[in-house]
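For the sequence shown, UniProt numbering assigns the number 529 to the last residue and increments by one with no breaks.
Ideal Cβ placement from N, Cα and C applies to all residues, glycine included.
This structure is a prediction, so every number in the text was calculated from the model and none was measured.
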Amino acid sequence: MDYLNHFLWILVSCAFFKMCSWITKSSHANLPPGPVSLPSIGNLFQLGKKPHKSLTRLAEIYGPLMSLKLGSITAVVISSSTIAKEIFQKHDQSISSRIVLDAVKVCDHHNTSMIWLPVSPQWKNLRKLANSLIFAPQKLDSDQHLRQQKLNDLICHVRGSASSGSVVDIGQVAYTTALNLLSNTFFSVDLAGFSSDFDSTFEAAIRGVMTEVSKPNFSDYFPILRFLDLQGYRRRMKNHFGVLHEIFDRIIDQKLLSQPEERSNSRDILDMILDPCTDGIKLERHEIRAILMSLDWKLENVLNPTDLDMEEEFGITLVKAKASSSPSSLLPLSHLTSYVPAATWSQNGSSPASSGGSGGSGGDSAALSTSSSSTDRTVVIPQPVRPVGSCVTVKCITETFGDQEIGLGFLGRTDEEKKINLDKDACPGFISDSLNRVRWTNEAYRKLVNQDGFGYGGEQRPEMVWLVTKDNESLPSRCEGFVCRVRLQYTCKKERHSLIVLCDVWEMNDSGGGFAWRLDVKAALSLGR
Numbered sequence: 001m002d003y004l005n006h007f008l009w010i011l012v013s014c015a016f017f018k019m020c021s022w023i024t025k026s027s028h029a030n031l032p033p034g035p036v037s038l039p040s041i042g043n044l045f046q047l048g049k050k051p052h053k054s055l056t057r058l059a060e061i062y063g064p065l066m067s068l069k070l071g072s073i074t075a076v077v078i079s080s081s082t083i084a085k086e087i088f089q090k091h092d093q094s095i096s097s098r099i100v101l102d103a104v105k106v107c108d109h110h111n112t113s114m115i116w117l118p119v120s121p122q123w124k125n126l127r128k129l130a131n132s133l134i135f136a137p138q139k140l141d142s143d144q145h146l147r148q149q150k151l152n153d154l155i156c157h158v159r160g161s162a163s164s165g166s167v168v169d170i171g172q173v174a175y176t177t178a179l180n181l182l183s184n185t186f187f188s189v190d191l192a193g194f195s196s197d198f199d200s201t202f203e204a205a206i207r208g209v210m211t212e213v214s215k216p217n218f219s220d221y222f223p224i225l226r227f228l229d230l231q232g233y234r235r236r237m238k239n240h241f242g243v244l245h246e247i248f249d250r251i252i253d254q255k256l257l258s259q260p261e262e263r264s265n266s267r268d269i270l271d272m273i274l275d276p277c278t279d280g281i282k283l284e285r286h287e288i289r290a291i292l293m294s295l296d297w298k299l300e301n302v303l304n305p306t307d308l309d310m311e312e313e314f315g316i317t318l319v320k321a322k323a324s325s326s327p328s329s330l331l332p333l334s335h336l337t338s339y340v341p342a343a344t345w346s347q348n349g350s351s352p353a354s355s356g357g358s359g360g361s362g363g364d365s366a367a368l369s370t371s372s373s374s375t376d377r378t379v380v381i382p383q384p385v386r387p388v389g390s391c392v393t394v395k396c397i398t399e400t401f402g403d404q405e406i407g408l409g410f411l412g413r414t415d416e417e418k419k420i421n422l423d424k425d426a427c428p429g430f431i432s433d434s435l436n437r438v439r440w441t442n443e444a445y446r447k448l449v450n451q452d453g454f455g456y457g458g459e460q461r462p463e464m465v466w467l468v469t470k471d472n473e474s475l476p477s478r479c480e481g482f483v484c485r486v487r488l489q490y491t492c493k494k495e496r497h498s499l500i501v502l503c504d505v506w507e508m509n510d511s512g513g514g515f516a517w518r519l520d521v522k523a524a525l526s527l528g529r
C-alpha cells in the first residue's frame with residue numbers, strides 16, 4: 001500500500017511539473033531563442049561579474065536577438081544594429097517605458113517622476129516642461145555667465161590650493177563645480193562647497209540615491225520578495241528621499257516668502273515653475289519635488305564618471321558635445337537633451353511587438369546595446385580594448401660619448417633624421433622627452449610588445465610605455481649619447497617576459513632634453529618566460 005501511495009505522489013508531481021512547463025512554454029512561444037534557464041533563478045547564474053562579456057558570448061551562440069530569464073523577468077537582448085533600427089522604427093512604443101525599480105517606489109516617486117513614468121499625457125507634459133525651461137537654446141545662452149562664474153570659482157580654488165601647497169582632489173572639485181552649476185540653475189544657491197566644513201547633506205543624499213539604484217536588487221528579479229526588503233534598499237532610499245524632500249521644501253518655502261521683485265531678478269527654473277504667470281505650468285508641491293529630483297538625478301547620472309566609462313567598457317554610445325572653447329561647452333549641460341526626455345537602456349514593453357520573426361509579450365524587458373558603427377555585426381558589444389603595457393628600467397650606464405666621438409654610430413644630425421632612421425631600424429626603439437615620458441615608438445618595438453596582434457574587431461591596441469631609472473637617478477646630460485643596460489618587461493599571450501637589453505641612446509637636440517633609444521634585443525639575455 002505504501003508503495004502505491006509513493007507511486008501516485010510521484011505521478012501527480014510529474015504531471016504538475018509537466019503542466020507548469022507546458023504553460024510556461026506556451027506563454028513564451030514567440031520569444032527569441034536563448035539559453036536554457038533554471039527554475040526560479042533563470043539565467044542569472046550565466047551573467048557573472050562582467051555581464052557585458054557574458055552577453056557577448058551568449059549572443060555569439062544564440063544570435064543577435066535572444067531572450068533571457070532573469071529571475072521572474074523575461075529579458076530580450078538586442079545586439080544587432082539592423083534589428084535595433086527596425087525596433088526603433090516600427091516598435092518604438094513597445095520599448096518606450098522603463099522598468100520601474102523597486103527601490104524608487106518609495107514615497108510614490110515613480111508615479112510623478114518623468115524618468116519612471118510610462119509614455120502618457122503626464123509624461124509628455126513633463127518632457128515639454130523640461131525642454132522649455134532647461135534645454136531651450138535661449139535658456140542655455142542666458143545661463144552662460146553662470147557657467148563662467150562657476151568655472152572661475154574652480155580656478156580660484158585650484159590656484160589657492162597651489163599657493164598653499166595643499167592636495168587637490170580633481171574628481172571632487174569637478175563634481176562640486178558641476179553640482180553648484182546645477183543647483184544655481186535650479187535654485188540660485190550653492191548646495192556644495194570646496195571647503196571641508198561646507199554642509200554636504202544634499203551631495204551625500206544624491207550620491208546615496210545613485211548608489212542604491214545602481215546595485216542589483218533581489219526584489220527586482222523576484223517580486224514576491226519585495227515586501228521583505230531583504231537588502232534594505234527601500235529603507236535607505238526612503239531616508240535619502242526624506243533628506244532631499246526636506247531641502248526642496250525649504251527652498252520652495254523661501255521662494256514663496258520672497259518678494260516678487262526678488263524672484264524676478266533671479267529667475268531660475270524654480271522661479272519659473274512657481275510663477276503663476278507662466279503658461280501651462282500648474283503643479284502641486286509633490287510634483288515640483290519630483291521634477292527637481294528627476295533633473296538632479298538624471299544630470300548626476302551623466303556627471304557620474306562610472307557611467308561615462310560605459311562607452312568604452314560596454315560599447316554604449318553616448319551623446320557628446322562638440323569641441324568648443326566657449327564656456328557653454330565646458331560643463332555637460334547643453335547636450336543633455338537626449339538624457340531626460342528619452343528612456344534609455346533597460347526598457348519595459350507596454351504592447352506586443354515582434355522583430356525578426358520573434359515576438360515578445362507585454363511586460364517583457366528589452367536590453368539594447370548600441371554602437372557607433374553603421375555596419376551590422378552579430379554582436380555590437382565590443383570587448384574592452386586594454387592598452388599594451390611595457391616598462392623599460394635603466395639599470396646602469398656603461399659608457400658616454402662626447403660631441404666629437406662616434407662610438408654609437410651615426411643616427412642623424414636633426415631630431416627628424418633620428419626619428420626617421422630609428423623608424424626604419426630593425427631594432428626596437430622609442431623617443432622620450434625631458435621628463436622621461438615615452439612619446440613615440442617604432443614599428444619594431446610595437447611588434448615586440450604587442451605580439452598578441454590587434455584588439456577586438458581588428459582595432460590596434462593602444463600602447464603605454466613606462467621609462468624609469470634605478471633609484472630615480474637622472475640621465476647624463478651634455479653628451480652626444482651613452483650606452484646603458486635596461487630591463488625590458490612586457491606581457492605577451494598572458495606570459496610575462498623580462499629581458500636585460502643593451503641600449504644605445506642619443507640625445508635629441510631640439511626637444512629640450514629628450515633621448516632616442518635603440519634596444520639590441522637580439523643579444524639580450526632572457527630572464528624568464
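Beta-carbon gap between GLU287 and THR112 smaller than 9 Å: For GLU287 and THR112, yes; Cβs fall inside 9 Å.
LYS69 (DSSP reduced to helix, strand or coil): In this structure, DSSP gives LYS69 an extended state, which the three-state scheme calls strand.
Separation of VAL36 from MET293, as counted between CA atoms: Roughly 40 Å between the two C-alpha positions.
Contacting residues, own chain, Cβ-Cβ under 8 Å from THR469 (five flanking each side not counted): So the list reads THR393, VAL394, ASN436 and LEU475, once near-sequence residues are dropped.
CB of ILE115 within 9 Å of CB of ASP220, strictly: Against a cut-off of 9 Å, the Cβ pair of ASP220 and ILE115 comes out as no contact.
Cβ-Cβ separation, PHE187 to ILE273 (assumed contact under 8 Å), whole Å: Their Cβ separation, rounded to whole angstroms, is 11 Å, which puts ILE273 and PHE187 out of contact at 8 Å.
THR400 vs CYS479 beta-carbon contact at 9 Å: Contact annotation: THR400 and CYS479 have beta-carbon atoms nearer than 9 Å.
Residue from ILE10, GLN144 and VAL77 whose Cα sits closest to the Cα of LEU181: Out of ILE10, GLN144 and VAL77, GLN144 has the C-alpha closest to the C-alpha of LEU181.
Of the listed residues SER142, SER80 and PHE515, nearest to GLU60 (C-alpha basis): Nearest option by C-alpha distance: SER80.
Residue burial classification, residue 532 (beta-carbon count within 10 angstroms, cutoff 16): Residue 532 lies beyond the residue range present for the chain, which begins at 1 and ends at 529; the question has no answer from this structure.
Sheet register partners of LEU519 (DSSP bridge): Among the bridge pairs identified by DSSP, LEU519 is matched with CYS503.
Assigned exposure category for VAL168 - 16 Cβ within 10 Å defines buried: Counting the other CB atoms within 10 Å of its CB gives VAL168 a total below 16, which places it among the exposed residues.
Contacting residues, own chain, Cβ-Cβ under 7 Å from LEU225 (five flanking each side not counted): So the qualifying residues of the chain are PHE218 and SER219.
Cβ-Cβ distance between VAL76 and MET237 below 9 Å: Contact: no.
Status (buried if at least 16 other CB within 10 Å, exposed otherwise) for LYS215: Exposed: under 16 other Cβ atoms inside 10 Å.
Range of the contiguous alpha helix (DSSP H) that encloses ILE170: 170–187 is the span of the alpha helix (DSSP H), which, as asked, contains ILE170.
For ASN421 and THR337, the rounded distance between their alpha carbons: Here THR337 scores only 32 on pLDDT, less than 50, and its place in the model should not be relied on; the value that follows carries that caveat. Taking the straight line joining both Cα atoms gives about 51 Å.
Cα-Cα separation between ARG147 and ILE431, rounded to whole angstroms: Their Cα atoms are separated by approximately 40 Å.
Beta-carbon separation (whole angstroms), LEU65 vs ASN43, contact threshold 8 Å: About 15 Å separates the two Cβ atoms, so there is no contact after all.
Closest Cα partner of THR211 within the set VAL104, ASP275, ASP253 and ILE99: Ranking the options by Cα distance to THR211, first place goes to VAL104.
Simplified DSSP assignment, three categories, for ARG49: The amino acid occupying residue 49 in the given sequence is Lys; Arg does not appear at that position. It is coil, neither helix nor strand.
6 Å CB neighbourhood of GLY513 in its chain, flanking five on each side removed: Within the same chain, GLY513 has close Cβ partners SER434.
For GLY208, the first and last residue of its enclosing alpha helix (DSSP H): Start and end: 201–214.
For CYS396, three-class secondary structure by DSSP: Correct three-state label for CYS396: strand.
Start and end residues, alpha helix (DSSP H) containing TRP123: Start and end: 121–133.
Test: LEU257 CB closer than 9 Å to a CB of chain C: As a matter of chain content, chain C is missing from the structure shown, which is built from one protein chain.
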